[in-house]
């Protein structure tokens, strides 16, 4: 998936170095697990977090390439660890087009594999940022991510969940790490404090918008078919923005669906998706995400001119047009 | 279980402070989960790791009580996190006489709860040891623990596992953290390097011996009865020292039991336990553990005179007499 960065050879080259470092770090005494986790954490996604990190690092004048690669790798490793653990929880058969660690090796290996990735992440931080405030910031970020996950967990199947609850959860579970990636890029690249704050705000907006777009996609009927389950979030008791907007608009019609969502038939799920659209849930969520995207673009506009600014503009727009 | 320390009020007082700090750190936005994890990580065990830490801290002359309490808490939190994740893997219904996190709240909450504890551990380290070599040492220790767990996982159901494999695994999964507790105690208490090295060796010996005794207990027929499963390790494909010694002694008789251990009947398991005893597996493992205990006591004898030395002697003997 690094093909995504074909047009940006400098970023691509940096990400290849990150991949290489990750493989070197994930060494364990079992070749098949080692291969699976290395593949998983280095070939799967677009590596958005390290890419944002390098883009923001470009606005500074301090360049310690070895340190930058380590920090970028730490961000991807932390993200990968959360994915491995998420797959246990969702019983996901696949991830990034490959069998998930847990479906291939069992949940036992998956639990420890995720833990092992957390550890490698922690080791990288200990090596390269112990003298900076970002060691503690990382611990606090990781705590926020997990508080977001736990609070979302605890709130599943709650038909009275508020939009505020939803926003707080996604601010933790998704936006926090993207915000940290941008902030660390600016800091470790040597940008000034004003630019660091801007990087954080851009990261927040991109992170939140990304999650909202992703949640909207889950209501798309085109993506579901008879073979494929639809509205999987709803069935798992995870009530996201489109649904919450529709519920607040027409509680009498929508709320009954949220009482026992795991028992809804295919027919009822389709009806619910149509209602969510009809009562403005999709439009409202889209509007919300577009505002965030606009906010990110306005802030990006204020960055110093240059290649990185242009790439950030393109990437923010593309990423937020459709989920990945 | 802090009653165990009734005779040692100073240690008990320190451990109460550790419990308090842990409760303060494990704050999440859900009261029932928060209560369960706080209870779990502060009321359950004997808190052996923080206790060993404080005992060794006593041999130095540098006393920053706040820092010591934080580090002791980090050791207990790391241990608790591994227990929460172990219970997912074993599907354990109980832990420390209470329902396990996963049986009470489900594996989803248990995965994130363990992760959340790791994070709180990491946060404590970031706060109080970022200027010392122990930040990196902690990351490396945690990596060893997980490599031990993963290697053991990968080696389950392997009838040709060697005694060397077994020792390497328990050196990682159990001894590492106990060794770290003793080493950190000596270092952060301000003891000299010679005493730090001794603390490490004592921790290694105690940690290994403890695990071997624990593994021997799993072969005790008295502990099993018709209601309670026996030889649970064997049934899960975990082949420990008593079994490996007996297999090496009488491969023709023992090895067939290791081919499909999950299919063995109650009768066959009892027969296997009797064989392991008959062919010297229990005696051999006991001898091995006793040698380690003796090694620990000989090293403890070399420590400076004082209350801590006396307590260490008693504790090492008691702990290693029977598992806990």
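Chains as they are written, first to last, in this note's numbering: chain A, 374 to 697; chain B, 374 to 697. Ideal Cβ placement from N, Cα and C applies to all residues, glycine included.
List the endpoints of the continuous alpha helix (DSSP H) containing residue i.
i: residue 491 (chain A); result: 480–501
i: residue 574 (chain A); result: 566–590
i: residue 525 (chain A); result: 507–528
i: residue 437 (chain A); result: Looking at the DSSP string, residue 437 (chain A) is not in any alpha helix (DSSP H), and its letter there is neither H nor E.
i: residue 674 (chain A); result: 654–674
i: residue 606 (chain B); result: 605–608
i: residue 611 (chain B); result: Looking at the DSSP string, residue 611 (chain B) is not in any alpha helix (DSSP H), and its letter there is neither H nor E.
i: residue 629 (chain B); result: Per DSSP, residue 629 (chain B) belongs to no alpha helix (DSSP H) and is neither H nor E.
i: residue 549 (chain B); result: 549–562
i: residue 650 (chain B); result: 639–651
i: residue 386 (chain A); result: 382–398
i: residue 377 (chain A); result: First-last for residue 377 (chain A): undefined, no H or E at that position.
i: residue 536 (chain B); result: 536–543
i: residue 466 (chain B); result: Per DSSP, residue 466 (chain B) belongs to no alpha helix (DSSP H) and is neither H nor E.
Can you pull the chain B residues whose beta carbon is under 8 Å from the beta carbon of residue i, in chain order?
i: residue 489 (chain A); result: 516, 519, 520 and 523
Consider the Cβ of residue i: report whether some Cβ of chain A lies at a distance smaller than 7 Å.
i: residue 509 (chain B); result: yes
i: residue 684 (chain B); result: no
i: residue 457 (chain B); result: no
i: residue 503 (chain B); result: yes
i: residue 597 (chain B); result: The predicted position of residue 597 (chain B) is uncertain, since its pLDDT is 48 and thus under 50; a value taken from the coordinates is nonetheless stated next. Cβ-Cβ to chain A under 7 Å: no for residue 597 (chain B).
i: residue 496 (chain B); result: yes
Around the C-beta of residue i, are 16 or more other C-beta atoms found within 10 angstroms, so that it is buried, or is it exposed?
i: residue 628 (chain A); result: exposed
i: residue 443 (chain A); result: buried
i: residue 479 (chain A); result: exposed
i: residue 588 (chain B); result: buried
i: residue 594 (chain B); result: exposed
i: residue 482 (chain A); result: buried
i: residue 665 (chain A); result: buried
i: residue 679 (chain B); result: exposed
i: residue 469 (chain B); result: exposed
i: residue 453 (chain B); result: buried
i: residue 504 (chain A); result: exposed
i: residue 688 (chain A); result: buried
i: residue 376 (chain B); result: exposed
i: residue 625 (chain A); result: exposed
i: residue 636 (chain A); result: exposed
i: residue 423 (chain A); result: buried
Compare the Cα-Cα distances from residue i to each of the options and report the closest residue.
i: residue 546 (chain A); options: A:530, A:419, A:570 and A:526; result: A:526
i: residue 449 (chain B); options: B:475, B:396 and B:481; result: B:396
i: residue 531 (chain B); options: B:658, B:608 and B:457; result: B:608
i: residue 431 (chain A); options: A:535, A:507 and A:560; result: A:560
i: residue 487 (chain A); options: A:657, A:406, A:648 and A:548; result: A:406
i: residue 619 (chain A); options: A:507, A:648 and A:408; result: A:648
i: residue 523 (chain A); options: B:400, B:683, B:385 and B:651; result: B:400
i: residue 571 (chain B); options: B:380, B:672 and B:683; result: B:672
i: residue 458 (chain A); options: A:489, A:429 and A:437; result: A:489
i: residue 385 (chain A); options: A:455, A:428 and A:437; result: A:428
i: residue 613 (chain A); options: A:403, A:538 and A:462; result: A:538
i: residue 517 (chain A); options: A:506, A:552, A:534 and A:533; result: A:552
i: residue 615 (chain B); options: B:656, B:568 and B:499; result: B:656
i: residue 639 (chain A); options: A:605, A:451 and A:495; result: A:605
i: residue 592 (chain B); options: B:654, B:497, B:623 and B:474; result: B:654
From the beta carbon of residue i, is the nearest beta carbon of chain B less than 7 Å away?
i: residue 712 (chain A); result: Absent from the model: residue 712 (chain A). The displayed extent of chain A is 374 to 697, so no value can be given.
i: residue 381 (chain A); result: no
Using a cut-off of 9 Å between C-beta atoms, extract the partners of residue i located in chain B.
i: residue 406 (chain A); result: 523, 526 and 527
Which chain A residues sit within Cβ distance under 7 Å of residue i?
i: residue 584 (chain B); result: In chain order: nothing, as chain A lies at least about 17 Å away.
i: residue 499 (chain B); result: 508, 509 and 512
i: residue 413 (chain B); result: Those within 7 Å of residue 413 (chain B) in chain A number zero; the least Cβ separation is about 14 Å.
Find the residues of chain B that neighbour residue i, judging by a C-beta separation of less than 7 Å, and give them in chain order.
i: residue 397 (chain A); result: Ordered by position in chain B, no residue passes the 7 Å Cβ test against residue 397 (chain A), which lies about 13 Å from the chain.
Using a cut-off of 9 Å between C-beta atoms, extract the partners of residue i located in chain A.
i: residue 461 (chain B); result: 461, 480, 481 and 484
i: residue 401 (chain B); result: 519, 520, 523, 524 and 527
Can you find a heavy atom of the ligand HEM that lies under 6 Å from the Cβ of residue i?
i: residue 672 (chain A); result: As for the ligand HEM, it is missing from this structure, which has no ligand bound.
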